[in-house]
Amino acid sequence: MKGSRTKARTRAVEILFEAEQRGEDAISVLARRRKNSEQLFGAYTEELVRGVALRKGEIDEAIQTWSRGWTMERMPAVDRTILRLGAWELLFNDEVPDTVAVDEAVGLAKSLSTDDSPSFVNGVLGRLQTVKPTLIEAPEDEEDDDAEDVIAARENAAVPRTPEDAPGAADSPARDADAS
Numbered sequence: 005m006k007g008s009r010t011k012a013r014t015r016a017v018e019i020l021f022e023a024e025q026r027g028e029d030a031i032s033v034l035a036r037r038r039k040n041s042e043q044l045f046g047a048y049t050e051e052l053v054r055g056v057a058l059r060k061g062e063i064d065e066a067i068q069t070w071s072r073g074w075t076m077e078r079m080p081a082v083d084r085t086i087l088r089l090g091a092w093e094l095l096f097n098d099e100v101p102d103t104v105a106v107d108e109a110v111g112l113a114k115s116l117s118t119d120d121s122p123s124f125v126n127g128v129l130g131r132l133q134t135v136k137p138t139l140i141e142a143p144e145d146e147e148d149d150d151a152e153d154v155i156a157a158r159e160n161a162a163v164p165r166t167p168e169d170a171p172g173a174a175d176s177p178a179r180d181a182d183a184s
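The opening residue of the sequence shown carries number 5 in the numbering used here; numbering runs sequentially from there.
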């Protein structure tokens with residue numbers, strides 16, 4: 005039996021995938037689904053969708069930088085969506101342990117995508133996990149800041165422009181560029 009957060013992740017992937025396929029804003033897709041469906045969407049599904057939607061540019065830049073030879077456009081759409089969700093949990097949600105964020109994303113890839121997708125998702129998120137300290141610098145006293153101040157501080161965090169800029173980058177596994 006799947007846990008409630010695992011179900012929330014699956015629902016968030018569905019919403020994010022639909023939004024991308026339709027060329028719509030993910031938050032609007034979530035609102036429409038809530039209005040027109042009997043399916044329940046919990047708080048964590050909403051947090052995931054909003055988090056990915058609000059940080060999509062930063063997330064895509066990180067994924068693009070660390071996916072080694074794979075452009076965002078070349079990735080299967082479902083893998084791209086799973087990577088965005090996993091990267092958001094890994095980089096911006098301190099309540100989820102890094103290993104859980106990676107493992108859950110790999111699990112989504114196993115159930116929703118191709119046979120090669122779990123290792124690809126694991127490789128990209130594994131590299132992000134390794135370089136996370138260079139990507140995100142938390143504010144000094146996050147407890148005293150409101151959410152907007154936290155977001156502004158994180159938006160100003162340095163993002164290495166190439167994989168060579170980050171510590172340990174040479175040791176990370178890469179996906180075979182010839183695989184499809």
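For glycine and all other residues, C-beta sits at the position ideal for the given N, C-alpha and C.
Tell me which residues share the same chain as residue i and place their Cβ nearer than 7 Å to its Cβ, disregarding the 5 neighbours each side in the sequence.
i    : result
Q133 : L94, D102, V106
L20  : A30, V53, V56, T85, R88, L89
A16  : T49, L52, V53, L89
R13  : L52, L89, E108, L112
Can you list, in chain order, the residues of its chain whose CB lies under 6 Å from that of residue i, leaving out five sequence neighbours each side?
i    : result
S32  : none
P122 : V110, A113, K114
Can you give me the start and stop residues for the alpha helix (DSSP H) that residue i sits inside?
i    : result
P101 : Segment: none, P101 is in no alpha helix (DSSP H) and carries neither H nor E.
W74  : No alpha helix (DSSP H) holds W74; DSSP gives it neither H nor E.
E24  : 8-26
Q133 : 121-139
S32  : 30-40
Quick test of your reading: residue i and residue j, contact by CB under 8 Å. State the CB separation rounded to the nearest angstrom.
i    : j    : result
K60  : R88  : 7 Å
L34  : E50  : 6 Å
E108 : T10  : 6 Å
V135 : W74  : V135 to W74, Cβ: 17 Å. No contact.
I67  : V104 : Their Cβ separation, rounded to whole angstroms, is 19 Å, which puts I67 and V104 out of contact at 8 Å.
Who are the near neighbours of residue i in its chain, counting only those whose CB is closer than 8 Å to its CB and skipping five residues on each side?
i    : result
D29  : A23, A57
W92  : L52, G55, V56, R59, I63
D150 : Only weak support exists for where D150 lies, its pLDDT of 45 falling under 50; the value from the coordinates is given anyway. Excluding sequence neighbours, D150 sits near nothing in its chain.
N26  : In the sequence under discussion, the amino acid at residue 26 is Arg, which differs from the Asn named in the question. Around R26: V33.
Does the region 72-85 come into contact with the region 34-47, if we say contact requires no fewer than three beta-carbon pairs (one atom in each stretch) closer than 8 Å?
no
For the region 83-90 against the region 110-125, are there 3 or more C-beta pairs whose distance is under 8 Å?
yes
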